[in-house]
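In this note's numbering, the protein residues as written are 24 to 413.
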């Protein structure tokens, strides 16, 4: 058990300076000047001069690795536990990307189980870029109902030269089957949608909302900040139709693509344009490849996405863009938790999961990370490593 004393809590709402008692994988008590019960082996962590925030949720991580657009040698490696926890992330959703052939659902589920055993909460999407969707049971609905870790479908690629070029009707059927599977399994039933920079923009999502009774909460288009044109289309979609948009944090802020929008800048843009703060999320695209293509579509090179970029962009939203911490935090905590229907995640409250991060108020460095009540990082030093990081 741990007693975090005198920390300034953002839950993400500002709760002021309080104490938090953590034990048995959850938050047991929040209050002022909670007693230290030595008989129960309570370890005290001084939170004075620190912010206490919920553990971050990353809803789009290539936990198996991604890539391959430049051949087999460009397949990025599997993610390690500390690649995640060093960034204050305690919950991830794994997905497949361009390669749904050598990266499979069985591999994805096994990797998710491994990360869960190592200490963090892990879920997955069924499928990859391709349509028809490659699932484990040959049915999106069956995967959602029968496989505990599957909470949605994705990442389905549209408006991109690497997609399967599905029709609007095919896309609508994927969303519909995912929604019903979510209803029957009491899960999110969310479709994670890879947005390319094609002329179609978000027209597929608009088609679903115009021609079906499906809620916009069943669709999350990601990479919205890949260009200013797509960013502006995403803002219109969210503001006018109540849609949700996801901004990708994995990019080099010093070497942005010519038309790319930094995630922290994009969040401020969306808020100033009137998008609801509850309808914006960040995800890292961590461990995925960041390919660069020549104008003719041929492969030019690639980098690799980092989960740690999620915290960086949240911090930059506050420090560089002047967005209040409680609003910036929503994009990486409460908002993805609500969309993904992770009811015990994304907030600091009694009986919520013990996923917590302490930040130094002066330098905004991550000091402590708790995942399911277990102290993973202390005073900036890693305590818990993955199996092959020992």
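The C-beta atom is built at its ideal place from N, Cα and C for all residues, glycine as well.
query: Going by other Cβ atoms of all chains shown within 10 Å of its Cβ, with 16 needed for buried, is residue 176 buried or exposed?; result: buried
query: Tell me, which residues are paired with residue 215 by DSSP?; result: 177 and 243
query: When you compare each of 39, 282 and 126 to residue 53 by their alpha carbons, which one comes out closest?; result: 39
query: So the candidates are 82, 79 and 101; which of them puts its Cα closest to the Cα of residue 88?; result: 101
query: Whose CA, out of 182, 69 and 61, lies closest to the CA of residue 418?; result: Nothing about residue 418 can be read from this structure; the chain reaches only from 24 to 413.
query: Quick check on residue 297: does DSSP put it in helix, strand or coil?; result: coil
query: Going by DSSP, what residues sit across from residue 314 in a beta bridge?; result: 325
query: Mind checking who residue 114 pairs with in its DSSP beta bridge?; result: 80 and 144
query: For residue 370 and residue 189, which I take to be in contact (beta-carbon distance under 8 Å), what is that distance rounded to the nearest angstrom?; result: So it is not a contact: roughly 36 Å between Cβ atoms.
query: Which of the three DSSP states, helix, strand or coil, is assigned to residue 292?; result: helix
query: Might you give, ordered along the chain, the residues of its own chain that have their beta carbon closer than 7 Å to the beta carbon of residue 298, omitting 5 neighbours on each side?; result: 258, 261 and 262
query: As a quick exercise: from 129, 206 and 67, pick the residue whose alpha carbon is nearest that of residue 168.; result: 206
query: Restricting to Cα atoms, I'd like to know which of 306, 155 and 280 is closest to residue 290.; result: 306
query: Counting C-beta neighbours from all protein chains within 10 Å, is the total for residue 118 16 or more, i.e. buried, or is it exposed?; result: buried
query: Leaving aside the five residues before and after residue 336 along the sequence, list all residues of the same chain whose C-beta is less than 7 Å from its C-beta, in chain order.; result: 272, 286, 287 and 305
query: Within 8 Å, do at least three Cβ pairs link the stretch 102 to 113 to the stretch 307 to 314?; result: yes
query: Measure the Cβ-Cβ separation of residue 57 and residue 26 and say whether it is below 8 Å.; result: yes
query: Any contact of the stretch 380 to 397 with the stretch 36 to 50, i.e. 3+ C-beta pairs under 8 Å?; result: yes
query: Under 7 Å Cβ to Cβ from residue 246, same chain only, skipping five residues before and after it: list those, please.; result: 217, 218 and 271
query: Can at least three beta-carbon pairs, one atom from the stretch 148 to 161 and one from the stretch 119 to 134, be found at a separation below 8 Å?; result: yes
query: Could you name the residues that DSSP lists as bridge partners for residue 28?; result: 69
query: Who pairs with residue 306 in a beta bridge, going by DSSP?; result: 271
query: Does the Cβ-Cβ distance between residue 401 and residue 412 come in under 8 Å?; result: no
query: Going by DSSP, what residue range makes up the beta strand (DSSP E) through residue 43?; result: 37 to 46
query: Secondary structure at residue 287, three-state DSSP: helix, strand or coil?; result: helix
query: Hey, quick one: how far does the beta strand (DSSP E) through residue 393 stretch, first residue to last?; result: 389 to 394
query: Of the choices 385, 366, 383 and 384, whose alpha-carbon is the least far from that of residue 376?; result: 366
query: Below 6 Å CB to CB, which residues in the same chain sit around residue 348 once its five sequence neighbours on both sides are set aside?; result: 33 and 341
query: Return the residue from the list 192, 202 and 214 that minimises the CA-CA distance to residue 233.; result: 192
query: Less than 8 Å between C-beta atoms, sequence neighbours within five positions excluded: which residues of the same chain meet that for residue 3?; result: Coverage of the chain is limited to positions 24 through 413, which leaves residue 3 absent and any answer about it impossible.
query: Residue range of the alpha helix (DSSP H) that residue 198 falls in?; result: 191 to 208
query: Anyone know if the C-beta pair for residue 113 and residue 143 falls short of 8 Å?; result: yes
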